[in-house]
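Peer 1:
Numbering (UniProt numbering), first residue to last: 1 to 335.
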């Protein structure tokens, strides 16, 4: 059944237009980061996960109705079998001009294998999660990881002409003494670095109250060693940006626990099972898989109905970490 001939934009109940989709293609990951997953995870049966064809159809539905930026996430998206077929399919929307940007967030372990193919599909930027440069602590944080694979992936991405942004989850303890090294490492390679407060998503087996670090406190600490100047740049997302005078590079600060950034929210998330989450900090979801398997029109109707009840703001609160926790794992939505 054809969609409406003049597609209307996707607007929520507070007048915010959705132009950014974060699409998870798998819940699986080859790492078990302590802030993201439990050490022993039970992953979804493959039959419950949207096929690559369904992921492409769903993406096209969003793009037809005004989504201009599409980020592929996981788990770890590059562990999905034949994932490059999806990127090749989606690249046609870049060619047609219907999509401004196709990108992904990755842990970098498989990036060396796929960097040139991603660039060939029109991907221009990738976000790589890297919380430390110390091999031993990287192994401890990820439980399974070899930092050499990530560093090789970063180098391959840069050689392929991709812009790389590093994402680091801030935490109390060793991270506070290592963040300066991350800044130098990133900026020496013309990469930006975004620091992210840990969010109460999923059961990890650890006490987040002992690890969460306020970025307000971290920024104050950094200001004692670096000259930080606020930038007015905004992507419509949650990050605040600072210029580091000593390096000329930029750092972003995403503070869901200590700040609220919802007024200009332009994004939604869809899990690999087709569950639509209109707010990262709200566990309510609307199923798009069943209506999508009926028709695109049914899926669009379900999507518009869900946007009308999108929360005005998230409920994360650093002072009530346990009370505001969301049972859904970060891996279900790529962070």
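In this text, a Cβ means the ideal position worked out from N, Cα and C, and glycines have one as well.
Quick one: measure Cβ to Cβ for residue 107 and residue 213, integer angstroms, because I've assumed they're closer than 8 Å.
Peer 2: Not confirmed; about 21 Å, so no contact.
Peer 1: Do the CB positions of residue 123 and residue 95 come within less than 8 Å of each other?
Peer 2: For residue 123 and residue 95, no; Cβs fall outside 8 Å.
Peer 1: With a cut-off of 8 Å, do at least 3 Cβ pairs link the region 79 to 90 to the region 129 to 142?
Peer 2: With a cut-off of 8 Å, the region 129 to 142 and the region 79 to 90 do not count as touching, because too few Cβ pairs lie within range.
Peer 1: Roughly how many whole angstroms lie between the Cα atoms of residue 290 and residue 216?
Peer 2: In a straight line, the C-alpha of residue 290 is about 43 Å away from that of residue 216.
Peer 1: If you check the beta carbons only, do residue 274 and residue 50 fall under 8 Å apart?
Peer 2: Yes, Cβ-Cβ distance for residue 274 and residue 50 is below 8 Å.
Peer 1: Checking 8 Å against the spacing of the C-beta atoms, do residue 167 and residue 196 come in under that value?
Peer 2: Yes, these two residues count as a Cβ contact at 8 Å.
Peer 1: Would you please state the rounded distance, in angstroms, between the beta carbons of residue 149 and residue 109? I believe it to be under 8 Å.
Peer 2: Contact flag correct, Cβ pair sits at about 5 Å.
Peer 1: Quick one: what's got a C-beta closer than 7 Å to residue 69's C-beta in the same chain, skipping five residues either side?
Peer 2: So the list reads 19, 20, 100 and 101, once near-sequence residues are dropped.
Peer 1: For residue 177 and residue 112, I'd like the C-alpha separation in whole angstroms.
Peer 2: Distance between the alpha carbons of residue 177 and residue 112 is about 29 Å.
Peer 1: Where do the N-terminal and C-terminal ends of the beta strand (DSSP E) with residue 106 fall, by residue?
Peer 2: 101 to 106 is the span of the beta strand (DSSP E), which, as asked, contains residue 106.
Peer 1: Buried or exposed: which applies to residue 4, given that a residue is buried once 16 or more other Cβ atoms fall within 10 Å of its Cβ?
Peer 2: Residue placement at residue 4 cannot be trusted, given a pLDDT of 49 that sits under 50; what the coordinates show is reported in the next sentence. That one is exposed.
Peer 1: Is it true that the CB of residue 16 sits closer than 8 Å to the CB of residue 265?
Peer 2: Yes, they are a contact pair.
Peer 1: Looking at the secondary structure, which residues open and close the beta strand (DSSP E) in which residue 119 lies?
Peer 2: Not the beta strand (DSSP E): residue 119 falls in the alpha helix (DSSP H), residues 111 to 120.
Peer 1: Report yes if the C-beta distance between residue 58 and residue 288 is below 8 Å; otherwise report no.
Peer 2: Against a cut-off of 8 Å, the Cβ pair of residue 288 and residue 58 comes out as a contact.
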